[in-house]
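Protein sequence lines correspond, in order, to chains A and B.
Taking this note's numbering as reference, the numbering of the first sequence is continuous, increasing by one, and the terminal residue is 131.
Taking this note's numbering as reference, the numbering of the second sequence is continuous, increasing by one, and the terminal residue is 1131.
Think of the CB as a built atom: it goes at the ideal place given N, C-alpha and C, for glycine as much as any other residue.
This one's a predicted model, so the numbers in the text were calculated from it and none came from an experiment.
First up is the structure itself, then whatever we jot down about it.
Number of protein chains: 2
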Amino acid sequence: MTKNKQATLLLAHGSSDANWLAPFEQLLQQIQSSLGNERVELAYMELAEPSLKNQVIGLVDEGYQHIDVLPLFFAAGRHLRKDVPKMLEELQSDLNKGPDLQIQLHPPIGLFPEVADAIGRIVINQVNKTS
Amino acid sequence: MTKNKQATLLLAHGSSDANWLAPFEQLLQQIQSSLGNERVELAYMELAEPSLKNQVIGLVDEGYQHIDVLPLFFAAGRHLRKDVPKMLEELQSDLNKGPDLQIQLHPPIGLFPEVADAIGRIVINQVNKTS
């Protein structure tokens, strides 16, 4: 059995404000530098490029068959409950790869215990600096 | 020299949608359970209670003199660059405690390397599950 080519898209909301986008690029670089050969890219839901749609199409063109979409959100509001699943369904349909393409939308990263732990450590470091 | 009473407020955007607020409560509980006696609370910038203003006033009433505001945001847009600093300046002025009250607004947690590391670990765990 051949191994599926897998990639991860970190999904951010997007904004027309370049100041807002810059930290996501910085975050992506930090994450990429801590990983090995795993393919990880950014995608914006709206208002900025690279868009989710263009990133998925690009990865599929490169032969990726399993795409994990990991939202850089703290909570699942309307965007993550409705808009993004609809975008992904439409993409899945348009690309017409059937079961050879799996796009998986994950819970927002704010719900992962790793992130709660990280924030806990940041709080502790602040407390130690203050006192 | 007496030690200042310090508390941390985790600042989220806020929403009128209860589905959106619930994960922040969950995140707060996870963080509180990982900490010792440090005082950590949630505050919303708008559209939901407890508001930033009410949380600061409540902590000051309890005798807290140093309040760290840690935004649960990935990037500093207009809200964090303008709206929140203005709210904190007005609070500082209204509360009229002078240098006995220090309110410190920190960068958004998305800029801390601890959070990038946590997301990197989440990505790795996903890749391992997929392959």
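| field | Partner residues on chain A for Pro1023(B), Cβ-Cβ distance less than 8 Å | value | Stepping through the second sequence from its first residue, residue 1023(B) is reached at position 23. Contact annotation for Pro1023(B) against chain A: Phe74, Ala75, Ala76, Pro108, Gly110, Leu111 [CB-CB distance below 8 Å, chain order].
| field | Identity of the residues DSSP links to Tyr1044(B) by a beta bridge | value | As a working mapping, residue 1044(B) is identified with position 44 in the second sequence. Tyr1044(B) is bridged to Ala1012(B), Ser1051(B).
| said: Does any residue of chain B have a CB that is nearer than 8 Å to the CB of Tyr64(A)? | reply: Reading the first sequence from its first residue, position 64 is the one you call residue 64(A). No, Tyr64(A) does not count as interfacial toward chain B.
| Under three-state DSSP, which class holds Ala76(A)? | Numbered from its first residue, the first sequence carries residue 76(A) at position 76. Note: Ala76(A) maps to coil in three-state DSSP.
| field | As assigned by DSSP and simplified to three states, the class of Leu1028(B) | value | Taking the first residue of the second sequence as position 1, residue 1028(B) is located at position 28. Leu1028(B): helix per DSSP, three-state reduction.
| query | On the premise that Leu1105(B) lies in contact with Leu1091(B), defined as a C-beta separation below 8 Å, what is that separation, rounded to the nearest angstrom? | reply | For this step, residue 1091(B) is matched to residue 91 along the second sequence. For this step, residue 1105(B) is matched to residue 105 along the second sequence. Actually they do not touch by this definition, with Cβ atoms about 11 Å apart.
| DSSP three-state call for Asp1017(B): helix, strand or coil? | As a position in the second sequence, residue 1017(B) is number 17, starting the count at 1. If DSSP states are grouped into helix, strand and coil, Asp1017(B) belongs with coil.
| Partners in chain A for Ala1034(B), counting only beta-carbon separations shorter than 8 Å | One-based indexing of the second sequence puts residue 1034(B) at position 34. It is worth fixing the name first, because residue 1034(B) is Ser in this sequence and not Ala. Within chain A, the C-beta atoms nearer than 8 Å to that of Ser1034(B) come from Ala116, Asp117, Gly120, in chain order.
| task | Please determine, among Val1123(B), Glu1114(B), Leu1042(B), the residue with the shortest C-alpha to C-alpha distance to Pro108(A). | result | Numbered from 1 along the first sequence, position 108 holds the residue referred to as residue 108(A). Residue Val1123(B) holds the alpha-carbon nearest to the alpha-carbon of Pro108(A) among Val1123(B), Glu1114(B), Leu1042(B).
| request: Measure how close the beta-carbons of Leu11(A) and Val69(A) come, nearest whole angstrom, since I'm counting them as under 8 Å. | output: The count along the first sequence starts at 1 and reaches residue 11(A) at position 11. The count along the first sequence starts at 1 and reaches residue 69(A) at position 69. Contact between Leu11(A) and Val69(A) holds: CB atoms are separated by about 5 Å, below the 8 Å threshold.
| Neighbour flag for Leu52(A) against chain C, beta carbons, 8 Å | Absent from the structure: chain C. Protein chains present are A and B.
| said: At the 8 Å Cβ level, is Ile103(A) part of the contact set with chain B, yes or no? | reply: For the purposes of this step, residue 103(A) is identified with residue 103 of the first sequence, where counting begins at 1. Chain B, which has no Cβ nearer than 8 Å to the Cβ of Ile103(A), makes this no.
| At least one CB of chain A closer than 8 Å to the CB of Glu1038(B): is that the case? | Start at 1 with the first residue of the second sequence, and residue 1038(B) comes out as number 38. Taking Cβ atoms only, chain A reaches closer than 8 Å to Glu1038(B), which makes this a yes.
| query | What three-state label does DSSP hand Pro1071(B) in the structure shown? | reply | Counting from one through the second sequence, the residue named residue 1071(B) turns up at place 71. Strand, per DSSP.
| message | Looking only at its chain, what residues have a beta carbon closer than 6 Å to the beta carbon of Lys1005(B), apart from the 5 residues adjacent to it on each side? | response | Sequence index remark: in the second sequence, residue 1005(B) carries index 5 (1-based). So the list reads Gly1063, Tyr1064, Gln1065, once near-sequence residues are dropped.
| query | If we count Cβ pairs, one from each stretch, closer than 8 Å, do we get three or more for the region 1035-1051 of chain B versus the region 109-116 of chain A? | reply | Cβ pair count under 8 Å is below three, so no.
| query | Count the other CB atoms within 10 Å of the CB of Ala1075(B); is the residue buried (16 or more) or exposed (fewer)? | reply | Here residue 1075(B) refers to the residue found at position 75 when the second sequence is read from its first residue. Answer is buried; the Cβ neighbour count reaches 16.
| task | Kindly indicate the opening and closing residues of the alpha helix (DSSP H) around Leu95(A). | result | Position 95 of the first sequence holds residue 95(A). Unbroken alpha helix (DSSP H) run through Leu95(A): 84-95.
| Distance, Cα to Cα, Gly1014(B) vs His79(A)? | Position 14 of the second sequence, counted from the start, is the residue given in the question as residue 1014(B). Position 79 of the first sequence, counted from the start, is the residue given in the question as residue 79(A). Distance between Gly1014(B) and His79(A), taken at the CA atoms: about 15 Å.
| message | For Arg39(A), list the residues DSSP reports as bridge partners. | response | The residue labelled residue 39(A) in the question sits at position 39 within the first sequence. For Arg39(A), which the question treats as bridged, DSSP gives the partners Ala7(A).
| task | Reducing DSSP to helix, strand and coil, say where Gln126(A) ends up. | result | For the purposes of this step, residue 126(A) is taken as residue 126 along the first sequence, with counting starting at 1. In this structure, Gln126(A) counts as helix in the three-state DSSP scheme.
| request: Measure the Cβ-Cβ separation of Leu52(A) and Ser16(A) and say whether it is below 8 Å. | output: Here residue 52(A) refers to the residue found at position 52 when the first sequence is read from its first residue. Here residue 16(A) refers to the residue found at position 16 when the first sequence is read from its first residue. Taking C-beta atoms as the reference points, Leu52(A) and Ser16(A) fail to come closer than 8 Å.
| message | Counting only beta-carbon separations shorter than 8 Å, does Asp1017(B) have a partner in chain A? | response | The residue labelled residue 1017(B) in the question sits at position 17 within the second sequence. Interface annotation, Asp1017(B): in contact with chain A, CB-CB separation under 8 Å.
| Under the three-state DSSP convention, the category Leu1059(B) falls into | What you label residue 1059(B) is simply residue 59 of the second sequence in a count that begins at 1. Here Leu1059(B) sits in helix by DSSP.
| Simplified DSSP state of Leu1101(B), which is helix, strand or coil | Taking the second sequence and counting its residues from 1, the one referred to as residue 1101(B) is at position 101. If DSSP states are grouped into helix, strand and coil, Leu1101(B) belongs with coil.
| message | I'd like to know whether the C-beta atoms of Ile103(A) and Ile57(A) end up nearer to each other than 8 Å. | response | If you number the first sequence from 1, residue 103(A) lands on position 103. If you number the first sequence from 1, residue 57(A) lands on position 57. Ile57(A) is positioned such that its CB atom lies no closer than 8 Å to that of Ile103(A).
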